[in-house]
Amino acid sequence: MSDLIPDIEAWFSEGLEVRQSPIHGYGLYATIPFRAGHRILRLGGYLFHISERRANGVMPSTTTPLSEEVILAELATGCKDYSDHINHSCDPNIGFTDAISIVTIRDVGAGEELVTDYAFWECDAAWRLRIPCNCNTPVCRRNITGEDWKAFRAADPLYRYFSPFLRRRILTAKGKEF
0 MSDLIPDIEA WFSEGLEVRQ SPIHGYGLYA TIPFRAGHRI LRLGGYLFHI
50 SERRANGVMP STTTPLSEEV ILAELATGCK DYSDHINHSC DPNIGFTDAI
100 SIVTIRDVGA GEELVTDYAF WECDAAWRLR IPCNCNTPVC RRNITGEDWK
150 AFRAADPLYR YFSPFLRRRI LTAKGKEF
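Mapping the sequence shown onto numbering that gives the first Met the number 0, position 94 (from 1) lands on 93, and the numbers just tick up by one.
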């Protein structure tokens, strides 16, 4: 399978490195300062039907829903890239600008860990972060689930950093069950 060509090619900004994180294992860090709105990376991988999310051929930690039926993910046989080392924080400094591009939400200093709220794209009702959140921020939710997006509204300042798929869901979710 290593000769497969990804449907979407990943791209990464200069000034990134993976190193140990106090949040969890390894994290993605800025080695140079970034201004708010700087594009950090573009997710890459293969397009799959949502039913294949838990298939053996898909690397689960790289799964990003693009619509109700399509996900973007890396192959389980592939190598981890920078995007697979982005830890969750309930006070994120990076988020989506479109379906596959990640940008800084605010200015980020050199040496700062780049963290996102998994609610920005995770919407599988069965999904749970395996361990309690360890971001230690005043707004920490501790238990992170695939239903956290439901707590957000379009008026929320972070709404614009959700994936377009979930922004559409949030706009239409009033009174609906997913």
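Note that the Cβ used here is the ideal one computed from N, Cα and C, for glycine as well.
Quick one, which of Ile101, Arg140, Tyr45 has its alpha-carbon nearest Arg127's?
Arg127 has its Cα closest to that of Arg140, out of Ile101, Arg140, Tyr45.
If you reduce the DSSP assignment to three classes, tell me which class Pro163 lands in.
Note: Pro163 maps to helix in three-state DSSP.
The region 50-62 / the region 11-30 touching (three or more Cβ pairs under 8 Å)
Fewer than three Cβ pairs drawn from the region 50-62 and the region 11-30 lie within less than 8 Å of each other, which leaves the two stretches out of contact.
Are Ile99 and Ile93 close, meaning C-beta to C-beta below 8 Å?
No, the Cβ-Cβ distance between Ile99 and Ile93 is not below 8 Å.
Cβ neighbour criterion (16 or more within 10 Å) applied to Leu170
Using a 10 angstroms sphere on the CB of Leu170, the tally of other CB atoms stays under 16, which defines it as exposed.
According to DSSP, simplified to helix, strand and coil, what is Ile85?
Looking at Ile85 - three-state DSSP - the assignment turns out to be coil, as it is neither helix nor strand.
Taking the Cβ atom as the reference point for each residue, do Ile136 and Cys89 lie within a distance shorter than 8 Å?
Note that residue 136 is Thr in the sequence shown, not Ile. Yes; because the gap between Cβ atoms is below 8 Å, this pair is in contact.
Nearest CA to the CA of Arg105: which residue from Ala9, Leu42, Asp6, Gly36?
Distance from the Cα of Arg105 is smallest, within the candidate group Ala9, Leu42, Asp6, Gly36, for Gly36.
Same chain, Cβ closer than 8 Å to Pro163, neighbours up to 5 away in sequence not counted
The residues are Phe95, Asp97, Ala98.
Euclidean distance between Cα positions of Pro91 and Trp10:
One C-alpha to the other measures close to 21 Å.
Reducing DSSP to helix, strand and coil, say where Phe33 ends up.
Three-state DSSP puts Phe33 in a strand.
Local Cβ density within 10 Å of Leu46, reported as buried at 16 or more and exposed below that
Exposed, since its Cβ has fewer than 16 Cβ neighbours within 10 Å.
For Leu40 and Ser50, what's the separation of their Cα atoms in angstroms?
Taken atom to atom, the span from the alpha-carbon of Leu40 to that of Ser50 is near 26 Å.
Local conformation of Pro59 per DSSP, three classes:
In this structure, Pro59 counts as helix in the three-state DSSP scheme.
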